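In full-length UniProt numbering, the protein residues as written are 1 to 1072. We treat Cβ as the ideally placed atom computed from N, Cα and C, and that holds for glycine. Predicted model, so just to flag it, every value in this text is computed and none were measured. First up is the structure itself, then whatever we jot down about it.
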Amino acid sequence: MEGISIETSLLDIKDGIDKIIASGEPCDVNEVIDKIDLFQQDPEVLDRELNGLIKKLTTGFFQLESDDKKIHIASVFYTLSKVCNVKKTYIHLDANVYLLEHIENAVRTYDSMELSTPVSSKILKWHYLYLAFCWLCVIVKAPLKLSNDSHLLQFIDDSITKHEKVTVLQPLFAEIKAELLVKNQILLHKFCELLHETTNDENVIDYFEMLLIYRILKAIVKSPKQFSIYRDDVGLIELLSWICLYQSDRLLSLERGAILMTKIFPKLLPFFIYHHNIEMIEDIISWYLNNMNSKFSEFRFAIANSYKKVVEQLTITYEDKDILPPLILERLTDTSNILNNSSWDTVDSDRLHTLLLISAFSIDMIYKRLPSQIEEIIVKLIPLASRFQQRSISVIRGNQVRDAANFICWSLARCSLENKNTIENIIFFLLTRSIMDSDYLIRKSANAALQEVLGRHGYKIFDNNTILEFIQLPSFNLEKHLFSNLESIFEITNLNYPSFLSRLLFWLVDFGILDNVDCETTLICIYGLSHLANKSAEKVLKDFGITTKLKQLLSIASTLSTEKQTRLINLCLHLPSAINLLDVLPILGSISEKVLSSQHKSLSQEDIFLHLTILKFWSVAINESKPVLLTHQDIQLFFSIVRGAQAAISNFSKFQEYTNIIVSQISNLGSSIFCTDDISRLFWTEYKKFIRFDNILACGSLPYVHGEIFINILSEVLPLLSSQAKACIIKSIDDNTQLLKPFIQTKDFMYIMSDFLDDYTVTDQGDIGRHVRMQAVQFYMNNITMFHHIDNVILQKVETSLVRLMAEPSFSIREMSYQLLCKIYSYNEVLESNKSYEYSILIFQKNIFKNDNIDFWKGYCLNGGAIYSTDLQIATAIDEFIKFYRNEGIDEKIKLCNYLAKIIPAAQKILDERIKNKKKSITGGKEYDIVKFTISATIFWRRLIESQLEVPSHFNFNGLFARVYNIHLLNINKVMKTNCIKLFPLIAIAASRSQADNEKHLANNILKKMIILMKRLPTTNNQQSLYKKAYLEGIIQILLYYKADSQVELLQATGDIDYELTKLKDEDILLS
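In structure tokens, the structure reads:
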């Protein structure tokens, strides 16, 4: 908070409290609470004001008559205690013992309190209880003996029972009861005996009872007077110890219960130390050792801190007996043994985390009493703990262990370190974690610890500029910042601190890459080192010994695990100037055989990394001046990898990149790259098969095939491919336009691309053709200059499709189509935030096409007449059209209505489309289903008329009805037929609204036809019954519009009984 806002907020709080005391208005209370909450991040300023605020709030509290005012004051008190800590707050309450009666009466009358204002989330009734028990706590903790402590104890027990569901009161209950019991030894013994009777081998002790024991022990130990009274009460202490050590197992299954236990033992220990009860001390130590592997992370912090407190007490007491080595050194040995285990995947990482936390909490004690162990921790523990990783089924664990290593370094930074090697080691390990760890939180904690050690000790190793540069290294985005961080570190250290840089580079190779279990981070480290080598190749590779190190590793590669071999090959391939490619070939052969021999249903991260490395090798090897010839096994391996790669796997873009390079070079070199011609034929046969099977890698690589091979394969497989595969090929063509430039400018290719814009293939997955349309529009958007070279016929076809797509429902396709058309026509209009998209395209088509483009209205019809769309999108399409239409002149209105009527397909056209079963286009895509389009067109008309579309009076309503009527007679789709029937009455109503000539004659004609058709339909068939209902509803809709009440009553009396309907005469229903 700014200084001025602090003062203002404090003044507002004080003024607010004055108003609450004076008036108790709820709005004032909420404002004060909000102001107090502002201090949650920095409560110290408020701490200094607590005494005055609490005194002002609570003076004369029990004399207040208003229950509202009492609860408002209590709510403010509760908020202050929440922000500033309850103990800091309640100590300012009046500790006058004569207030006990008022407090007790307040609690007993709590249920009868009446509020005249509603309770809010900030003003709660139980806040009144909270203030009362805080006040009671202050009084019972006063250094005096209460004469009525038995009565108060019973009062507290009753309150505990009555208000057990108000969990926030439990700590107060425990504190009050503990104080009362500790001040009365007889009552405490009675309580403990009762607790002993109710506690059995089934561990029935609950959290509150254990909290009470903790408060009792704390009250005794805290007061020298009470400790002197109870330290010789052996029976009492043994009973409490027995409960804590042997009856608390059930509590350990709850994190808060387990944490509570860690607070109790440091309070029990003084009694055993006083009596030199070594057996009980050993039992306490055993408890710690037995509970270090908890799954609760907060408990592990608590037990480590508690263990340190216990050791500290014992060390001070038994200083002459040198007790620290077995208590700390053994933990350090345990830690070292776990970290030096041959397989980290099998170790107990939770126990390791706890042991490291013990070291972190105990660093100050170790530094002072066992200084020689500091070097051991830095040399033997931190290097391993800082890179600890543990594989599990789906994730890589070990983050908390690495975080604990950062904690140790932070604790060491706060010691008076003088040894430069020690300081440099700490800086080194924190620096590697802060720029290379896979987990952002670990990088963040390492960075914080690094700043601490650099601020305190950095000047002993580095100059000020280097320290500042290290502190400013970013750590948020690993992939983005590792490259820049390595560059910065290289620039900072390569001249003045070359040994530090060399160590960092070697660590990057050994542990950031070769020993790194996290494949994603490994690749980032490889790319980072490659990036650095590209910037300063000679220095990085030669002067700092990376080339020599890689050669040494390659010489012993056969002794390495498959994972390390794979990482080594990948690193070498990204540093091509450092090694000879043939040096990695023997290693590649051994791991390739493992790929062919293993059959994975799903790829692990290690499998993905291995496959990616093999593809990387071939992408490099095949481009060598003397390329390695491909064998039958190599072809098997290649297609095995291609088969397993899915678009969802990590680093798929790299898989595609390497596959493109391999396929491109193979097609360029021809059969000379293969050992035999048979292998060459096998490759292309398999390759085409993989494309026909829609393999995503194969399809994506097809445009990288050179010359005639690409054209021939594309022509052969294109009609057979799925929409996703076609979209993949189009995207790849788009990415490779330079190489394909001679081909994509041909008339045949231009026609194919234009055909993609009309792909409306539909499967059980929905409109999958949208992937093709989307990618085709994207292609034209990225290659807009080719419009200058397109054949006029094809250009017109493309523009026609774009105009239609611009008005269709799909957001991404239509907006891109609109942007593209704006560029084609040099149209400067842009989408404005205060205008809808539909409004913008309506204005666009008016300016460019003068409302005279039927393809636009076909697209708009699909939007406004959509069957499946959001209500908002449909409403916007309809509303914007109506608004646009109303601003047009009468001639334009009639033109628009004619277009909307014309886009409804004629019945014969619908039949023709279905009868001839139109073949797929050259691309294999399907045109928009004419029946679905007809449904959308009729729905669009219905929605427009229902939205009060004003159709000009000289519009051909009879023609529109005839077209819709003929469609509905087809009986080829029930949804289409039903929507046509529902449009009949709306045509009659629209004609009447427009005052068209003979509009009543049209209405009667529509009525007559619906009556005849309705009478013919039997109700035995469910579908026919549905049509009959639609006819009947349409008839009634027309009659109601014309207020023909007698006809409506007649129909209602008849109902839907077939026999009665057939007896009706036409003239009984028709309008007069």
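Here Q656 is buried, its C-beta having at least 16 other C-beta atoms within 10 Å. Counting every other CB atom within 10 Å of its CB across the protein chains shown gives I186 a total below 16, marking it as exposed. If one requires a minimum length of 3 residues, no beta strand (DSSP E) run lies completely within the stretch 151-180. Between R963 and Y868, the alpha-carbon positions lie close to 25 Å from each other.
By alpha-carbon distance to R48, the top candidate from D67, H92, I972, V76 is H92. Counting along the chain, N419 sits inside no alpha helix (DSSP H), nor does DSSP assign it H or E at all. For the alpha helix (DSSP H) assignment, the uninterrupted runs of no fewer than 4 residues enclosed by the stretch 753-818 are, from N- to C-terminal side, 769-782, 792-807. Nearest to N958 by alpha-carbon distance, out of Q636, I989, L417, is I989. Collapsing the DSSP output to three states places I91 in coil. Judged by pairs of C-beta atoms under 8 Å, the stretch 874-884 touches the stretch 939-950, as three or more such pairs exist. Taking a C-beta distance under 8 Å as the contact criterion, D677 and S722 do not qualify as a contact pair. As the crow flies, the alpha-carbon of P742 is around 10 Å from that of F749.
Assignment of I396 by DSSP, reduced to helix, strand and coil, places it in the strand class.
Apart from the 5 residues on each side of it in sequence, V540 sits with its Cβ closer than 8 Å to the Cβ of F490, L505, L529, L532, A533, I546 in its chain, given in chain order. Within a 10 Å sphere around the beta-carbon of M806 sit 16 or more other beta-carbons, which makes this residue buried.
Under the criterion of beta carbons closer than 8 Å, I1012 and I1035 do not qualify as touching, at roughly 11 Å. With a threshold of 16 other beta carbon atoms within 10 Å, L441 falls short and is exposed. Here the alpha carbons of Q845 and I1006 stand approximately 35 Å from one another. Between the beta-carbon of L245 and that of Q313 there is about 17 Å, and that puts the pair past the 8 Å contact cut. Annotation: the continuous alpha helix (DSSP H) that includes R503 extends over 498-507. Annotation for C519: the continuous alpha helix (DSSP H) segment containing it runs 519-535. Separation of the CB atoms of A996 and S953 is rounded to 5 Å, and the pair is thereby assigned contact status at 8 Å. Per DSSP, reduced to three states, the secondary structure at L630 is strand. For E838, the closest of A132, Y818, N853 by C-alpha to C-alpha distance is Y818. Listed in chain order, the non-local C-beta contacts of G458 below 6 Å within the same chain comprise I467, local neighbours out to five positions each way being set aside.
Assignment of beta-bridge partners to Q390 by DSSP yields R397.
DSSP, read as helix, strand or coil, puts F674 in strand. Going by DSSP, N1005 is part of the alpha helix (DSSP H) stretching over 999-1016. The straight-line gap separating the alpha-carbon atoms of T1054 and L1032 is approximately 11 Å.
Judged by DSSP secondary structure, V453 falls within the alpha helix (DSSP H) whose first and last residues are 440-457. Sequence-distant partners of E892 (beyond 5 residues in either direction) whose C-beta falls short of 7 Å from its own C-beta, in its chain, are N851. For the alpha helix (DSSP H) assignment, the uninterrupted runs of no fewer than 4 residues enclosed by the stretch 937-971 are, from N- to C-terminal side, 957-968.
Rounded to the nearest angstrom, the Cβ distance from K1008 to L1070 is 6 Å, consistent with a contact under 8 Å.
The Cβ-Cβ distance between M774 and S836 does not fall below 8 Å.
Close CB contacts of L211 within its chain, under the 8 Å cut and outside five residues either way in sequence, are with Q170, P171, A174, L260 (chain order). The stretch 328-359 is shown to contain no whole beta strand (DSSP E) run of 3 or more residues.
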